[in-house]
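All remarks here apply to the structure that follows.
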Amino acid sequence: MGQIARLKGDGDPAVPAQFDGAHQIVRRIAGAAALAALALLASGASGARSEEGAAPPAKSVAKSVVKSAVKSACHRSAFRVVIDVGHTIDSPGADSARGVPEYQFNLALAGVIKDQLVEAGFDNAVRLVTTTKHLAGLVERAARANAMHADLFIAIHHDSVPNNLIETWEYEGQKHQFSDRFSGYSIFVSPENGDYQGSLAFGHLLGMALQARGLHYTPHYTLPLMGRHRRLLVDAEAGVYRFDLLVVLRETRMPAVLLEAGSIVNRRDELVLETADRRTLIASAVSAAVDDFCAARTRPAPTAAAPARVKPAALVQ
Ligand SMILES: [Zn+2]
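If you use the working numbering, the sequence shown corresponds to residues 78 to 394, in order.
The following block contains the structure:
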């Protein structure tokens, strides 16, 4: 996350410093998240797409059959997804364990995601590249997405660690910083976003789609050693954290998430994250989650002919 997290934590006077005061870590799926996710799951709008990426597990294949009718509800060409490239070329975020700027990882992955979305029929998908640095650049990203009337905003980042966890090593004669302690993706949402419920629902779908492809999330943001970078885990199944202060999430009107695709200061993970295979795998998860989310958002309202709901247990004699 690098620069964006630090901007919010340290230098942004417009941001109240209230969040990290609440160091109460609760491992639960928030009630709202569970309801939203369940609504999607009940519609069959979950699981991996069988036609893309790595071979999905058998249960996902079964789900894909169930959801085939739902897919048609999504007007992919009309559904605009903004893929925001985290950081800028001049302010590129953290360096990887081998000295490659985070921005390069973000730019490449966002490109593969955008291409795969377009290939799947989301013709209006946009890769958003910003050159304005610092807070003005963050505000600009949200403003551009709002002006485009985007339906979904996904900020792409690659993770590092707080300075107190950094170690140094030598690679090709140069000293670099690294930390091999943590591994995995993480997803962030903000309750100050214009559509928090939508953000939670998409975050859930994205996390489950990544896990269906063999990836896992990192739980380390709940640990006390993270200090002011500690976050509330609001969806412990999918790996979605609450991070109130991210400008790109709080200023966007449409559902928005920030994806940390993996840790580039982890020396082993960096080598995987720079491969075309991993980028394609992550992009297939994003594309599947977007498709499910679009279908859930655009499915027709239940009609009078719909089957009656099951009575709550308390009312069953
Ligand atoms: Zn970042």
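Backbone N, C-alpha and C define an ideal beta-carbon position, used for all residues, glycine too.
Within the present structure, is the beta-carbon of residue i separated from the nearest heavy atom of ligand 1 by less than 8 Å?
i, result
"residue 163", "yes"
"residue 270", "no"
"residue 214", "no"
"residue 171", "yes"
"residue 343", "no"
"residue 347", "no"
"residue 183", "yes"
"residue 234", "yes"
"residue 351", "no"
Would you list the residues sitting across from residue i in a DSSP beta bridge?
i, result
"residue 254", "245"
"residue 262", "294"
"residue 337", "234 and 263"
"residue 159", "203 and 230"
Kindly indicate which three-state DSSP category residue i falls into: helix, strand or coil?
i, result
"residue 175", "coil"
"residue 235", "strand"
"residue 230", "strand"
"residue 267", "coil"
"residue 361", "helix"
"residue 216", "helix"
"residue 284", "helix"
"residue 319", "strand"
"residue 196", "helix"
"residue 224", "helix"
"residue 166", "coil"
"residue 312", "strand"
"residue 152", "coil"
"residue 208", "coil"
"residue 375", "helix"
"residue 301", "helix"
Going by the C-beta, is residue i closer than 8 Å to any heavy atom of ligand 3?
i, result
"residue 179", "Ligands displayed in this structure: ligand 1; ligand 3 is not among them."
Let me see if you follow: with CB-CB separation under 9 Å, is residue i close to chain C or not?
i, result
"residue 345", "The structure shown contains no chain C; it holds only a single protein chain."
Check your understanding: Taking three-plus beta-carbon pairs below 8 Å as touching, is the segment 325 to 337 in contact with the segment 256 to 268?
Key -> yes
Check your understanding: Taking contact to mean at least 3 C-beta pairs separated by less than 8 Å, is the segment 243 to 251 in contact with the segment 351 to 359?
Key -> no
Exercise for review: Examine the Cβ distances between the segment 300 to 310 and the segment 214 to 231 and report whether three or more of them are shorter than 8 Å.
Suggested key: no
Check your understanding: Is the number of C-beta pairs between the segment 195 to 211 and the segment 150 to 170 that are closer than 8 Å three or more?
Key -> yes
Check your understanding: Does the segment 281 to 293 come close enough to the segment 357 to 369 to have 3 or more Cβ pairs within less than 8 Å?
Key -> yes
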